[in-house]
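Working notes, beginning with the structure itself.
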Amino acid sequence: MTEPTPAPLPTSPEALLTRLEALGITTHTVSHPPVFTVEQAKALRGELPGHHIKNLFLRNKKGAMWLVVCLEDRQIDLKALGAALDAGRFSFGSAGRLMTYLGVEPGSVTPFAAINDTDGQVQVVLDTAVTGDGPVNCHPLVNHMTTAIAPADLIRFLDSIGHPPHLLDMGGI
Numbered sequence: 004m005t006e007p008t009p010a011p012l013p014t015s016p017e018a019l020l021t022r023l024e025a026l027g028i029t030t031h032t033v034s035h036p037p038v039f040t041v042e043q044a045k046a047l048r049g050e051l052p053g054h055h056i057k058n059l060f061l062r063n064k065k066g067a068m069w070l071v072v073c074l075e076d077r078q079i080d081l082k083a084l085g086a087a088l089d090a091g092r093f094s095f096g097s098a099g100r101l102m103t104y105l106g107v108e109p110g111s112v113t114p115f116a117a118i119n120d121t122d123g124q125v126q127v128v129l130d131t132a133v134t135g136d137g138p139v140n141c142h143p144l145v146n147h148m149t150t151a152i153a154p155a156d157l158i159r160f161l162d163s164i165g166h167p168p169h170l171l172d173m174g175g176i
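Now the structure itself:
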């Protein structure tokens, strides 16, 4: 029995990188085996400099959604995060909801996925620690590649697609 062919992504990694280039944003992308967890990413990245992140796709009881981007080693208390964002109680969004709104599969969640949320249903939240010196390393919509981008350029990209990020210090959350 053969594996089913996955559905094409709403935006391909190549289209994303082309969009970044059109904005005058310089990036550096490397390919690697697929990674699904922070631990796998740590084992495979070698000496890739910069901020390494994790991305949480969250929803509340009312169905509102957030894409939370923070440093990979942050321990996030979802109750405290919900209170900080005045969102109420958070739960993780399902794989189906993730594909519907952000156009990516689990393991490939990235701030770049906001490009697929053309109706503005998902609020992007960036940990202020991600905006410090050095590049931010993000999946370019697939988990077998990593793209390094300057923090200011990531914010500029998010602004350009109608997803200005909410900046939040997640150090105490």
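In terms of the numbering used here, the numbers along the sequence shown are unbroken and rise by one, the last being 176. C-beta atoms are modelled at their ideal positions from N, C-alpha and C, and glycine is treated no differently.
Reduced DSSP secondary structure (H/G/I, E/B, other) of L129: strand
Please state whether DSSP places A151 in a helix, a strand or coil. strand
What is the residue span of the beta strand (DSSP E) that L61 lies within? H54 to N63
Bridge partners - T32, DSSP secondary structure assignment: T150
Please name the residue or residues paired with M68 in a DSSP beta bridge. R62 and V125
Check whether the Cβ of A83 sits closer than 7 Å to any heavy atom of the ligand SAH, and report yes or no. Within the structure as shown, the ligand SAH is missing, as the structure has no ligands at all.
Helix, strand or coil at L51 [DSSP, three-state]: coil
How many Å lie between I152 and K65 at the Cα? 33 Å
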